[in-house]
Structures are given as C-alpha cells and as structure tokens.
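See below for the structure under consideration.
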Amino acid sequence: MKWIAVLSLVAFSECLVTIPLTKIKSMRENLREKNLLKNYLERHPYRLTYKFLQKQPDSGIPFEPMRNYLDLSYIGTIKIGTPPQEFRVIFDTGSADLWVPSIYCSSQACAKHNLFNPWLSSTFWETGQRIMLSYGSGIVKGFLGYDTVQIGGLVDVSQAFGLSQTASIQSLEHGDFDGILGLSYPSIALQGATPVFDNLWKQGLISQKLFAFYLSSHEKEGSVVMFGKVDPSYYKGDLKWVPVTKHGYWQIAMDSISVNGKVIACEGGCQAVVDTGTALLFGPKDPTLNILKIINAQRTNTGEHVVDCNTTNTLPDVIFTINGVKYPVPATAYIQKVDSDLCYSNFESTSLDLDLWVLGDVFLRLYFTVFDRENDRIGLAPVVSV
Numbered sequence: 001m002k003w004i005a006v007l008s009l010v011a012f013s014e015c016l017v018t019i020p021l022t023k024i025k026s027m028r029e030n031l032r033e034k035n036l037l038k039n040y041l042e043r044h045p046y047r048l049t050y051k052f053l054q055k056q057p058d059s060g061i062p063f064e065p066m067r068n069y070l071d072l073s074y075i076g077t078i079k080i081g082t083p084p085q086e087f088r089v090i091f092d093t094g095s096a097d098l099w100v101p102s103i104y105c106s107s108q109a110c111a112k113h114n115l116f117n118p119w120l121s122s123t124f125w126e127t128g129q130r131i132m133l134s135y136g137s138g139i140v141k142g143f144l145g146y147d148t149v150q151i152g153g154l155v156d157v158s159q160a161f162g163l164s165q166t167a168s169i170q171s172l173e174h175g176d177f178d179g180i181l182g183l184s185y186p187s188i189a190l191q192g193a194t195p196v197f198d199n200l201w202k203q204g205l206i207s208q209k210l211f212a213f214y215l216s217s218h219e220k221e222g223s224v225v226m227f228g229k230v231d232p233s234y235y236k237g238d239l240k241w242v243p244v245t246k247h248g249y250w251q252i253a254m255d256s257i258s259v260n261g262k263v264i265a266c267e268g269g270c271q272a273v274v275d276t277g278t279a280l281l282f283g284p285k286d287p288t289l290n291i292l293k294i295i296n297a298q299r300t301n302t303g304e305h306v307v308d309c310n311t312t313n314t315l316p317d318v319i320f321t322i323n324g325v326k327y328p329v330p331a332t333a334y335i336q337k338v339d340s341d342l343c344y345s346n347f348e349s350t351s352l353d354l355d356l357w358v359l360g361d362v363f364l365r366l367y368f369t370v371f372d373r374e375n376d377r378i379g380l381a382p383v384v385s386v
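Using my numbering, the letters of the sequence shown map in sequence onto residues 1 to 386.
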C-alpha cells in the first residue's frame, strides 16, 4: 500500500463553487416498487441518533452512530485519488464523514457500486485505523484512509475518508448512490477524522465558511450545492437567519407548527434538525399523527399514509414558524403523487421520544438554505424556480 500524502497551501478562492446535484429515487421509493418496504419499515423505524446518547462499542473501533438513510434522494459526483476515481455521493447535512465502498468490500450491498481502489492512487495514505458506521438498517465496517478529493473545482488534499470492507446495509444495496459526504459539525465525525468542509476551509479553498443548497422541485437536474459563497439568484427576498442551538447536526429552535392559525404541534417551542439527507418531514409520534388526521391520511399496510389525490388543492398549508418567521408548506409539497390515483403523505413519525422534528427535502425544496459555520446559523429564503 502506498503511503504518500500531498500537502499544499492555496490562496482563498473568491469564486462561487457549485456542484450539480441529481434527484434520484430514494431507497423508500425503490423498496416500495419491489414490495419490500413493509418489511423494512417494521424492522428499521426511522431513527436520528445523537452521538452523545450512544455508548461506544467495547471493541475500541472508532464508532459513529448514524440514522438510516431510507430517504436520501439527491446525489452529486466527486472524485477521489490520483488519477481520480469517480463516485456518486449524497451531500448530507445529517452526518459528518465521507465514505465510499472499496475493492475490499465483498458484501452484496457493494456489488452494484463504484469501488475505490487504493492501489491505483499515487496519493493514497492508509492509516490502519478501523472504523464502524452504525445505521438503522445495518453496519458498515472498514478502515480510514487519506487521499485527494475533488469536489467540482475544489481540490481537497489529504482528506480523511472511510473505505468499506463489509456493508450489511440495505440503504446501499437498494440505493442509487455510492457513498456519503457528510456536512455536519466535526463533533459528530469519526474520531481523528477532519470532515471535508473543515478541510476545504483550512486549506484556503473557500472564501467564506458556509455552504448552501438549492433543491429543484420538479426536474431530476437543476439542484446544486454551493461552497464558499451564495448565489442570490436562487432565492427571493432576504435570507432570514436562525441560530444553531446544538453543534452536531444542524439543529435549530422552532416556535410552532400551525394550520389555519391554530397551533397543532410544537406548542411552546421545540427543536428541529435541517437535514438534506432526509426526503420527508419527520416529527414525534403524537403531533405527527395529529397532522395526518387533519389531512385525512390513511395508514397503509406498509406503515405509510395515503391521501386522496383530489384533496391536494383544498388541504391547508402547514405553517412552520421559526425565529418569528412563518414558512408555509403547501399540500402540493407535503403530498407526494405517485400516479393519478395514488398519493402519499410526506409527514412521518420518528421513533424518538424527544420533541424533535426533521426538516427534510420536502421543506428544503421550498426554501433555499445557507449553512453558515462561521456564525453558527442557518439562512432561509423562498426559492426561485430555475
């Protein structure tokens, strides 16, 4: 194995770096089409786990607890190594590490994906450090390495990333992505691994310590993640800033959730995680069931909820009030139309006991979102259709 690491100092780039994202079918949709969703949901209810609530295994392997990736649906392309090897990854604000499948992975979950070959990269550096990533749907085990990672025009040298060796995880087996590029705070990253975004900043590759997402509502193409600057042509009006309340996931305080002027959830305030790695809107069981009752959603044998497609134009907006600003989510957003006769609710409940909500892509397709690490805040503004 090669042990070559390249270090360089790069002047701040003043240009806006945008990475195209492609909307793909989520694992939920793939499992639904294969009639496997019911079994999956029964075995793996939605989980969003906090690292400090988890006990590290006694094996001594650096361990990162993560939620299942059932609802990932936007991917971008990165390259790793010299010469570069290409991977389709989720840019995920719900985790902090980069990992991809490797040639050492013999699991069925790795069979249909691009596999990183460290022997073909002259800049790869093996650490010998074992890692384990725990998902709601299984475990990924492997080792930590370092190499050059290219993200658009950014060349991130000596970047830590995980190489999988075993992957007993349905998310990878049934997902149209190769790996994950986490964009959360480094406090939830693997021990000893600096996340990609932090390395971009340390190496002077971006001029501002922020990134932003525009997620297209209708087309497979057109979504982007931006690094270092913000393009105001993607949103209307001014960005409204919300302080981050916990430096792990991108967690914020929410004032309330209301319908027709009446508070129906989050009364007196609650917490929410802004998560590009979740397609739906998740909340605690009872408040979410209340919303499902209001929109006349009926539970199916898969555990999902269907809605009469003819009611989409008559159902009310669900209003998320955050830091004093109202963010309406209309029925056209919280109802997913599969065909002319079948519509699903995009509200689902979590298995958490906490009064915690997850604002996934249903919300983010409506609101351009800036993740500002310099000031520990999130900026929101209505999107412009591009």
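Just so you know, even glycine gets a beta-carbon here, dropped at the ideal spot from N, CA and C.
Note that the structure is a prediction, hence the values are computed from the model and not measured.
Assignment of Lys79 by DSSP, reduced to helix, strand and coil, places it in the strand class. Judged by DSSP secondary structure, Tyr327 falls outside any alpha helix (DSSP H) and instead within the beta strand (DSSP E) spanning 325-329.
Residue pairing by DSSP places His113 opposite no residue, since no beta bridge is assigned to it.
Annotation: the segment 238-269 contains the following complete segments of the beta strand (DSSP E) (minimum length 3 residues), in chain order: 240-247, 250-254, 256-259, 262-265. Around the CB of Asp231, fewer than 16 other CB atoms lie within 10 Å, so the residue is classed as exposed. Per DSSP, the continuous alpha helix (DSSP H) segment holding Val362 begins and ends at 361-364.
Rounded to the nearest whole angstrom, the CA to CA distance from Trp250 to Val362 is 17 Å.
Closest in C-alpha terms to Ser164, from the list Ser187, Asp147, Arg130, comes Arg130. DSSP places Leu183 outside both helix and strand once states are collapsed to three, so it counts as coil. Closest in alpha carbon position to Ser102, among Leu366, Lys112, Lys293, Gly94, is Lys112. The C-beta separation of Phe116 from Val100 comes to about 5 Å, placing the pair in contact by the 8 Å criterion. When C-alpha distances from Glu304 are compared across Phe143, Thr311, Leu281, Gly324, the shortest belongs to Leu281.
Between Ser95 and Gly182, the gap from beta carbon to beta carbon is short of 8 Å. Rounded to the nearest angstrom, the Cβ distance from Asp156 to Gln203 is 7 Å, consistent with a contact under 8 Å. Proximity to Val224 across Glu126, Gln271, Ile264, Ile151 peaks at Ile151, based on C-alpha coordinates.
With 16 or more other Cβ atoms inside 10 Å of its own Cβ, Trp357 counts as buried.
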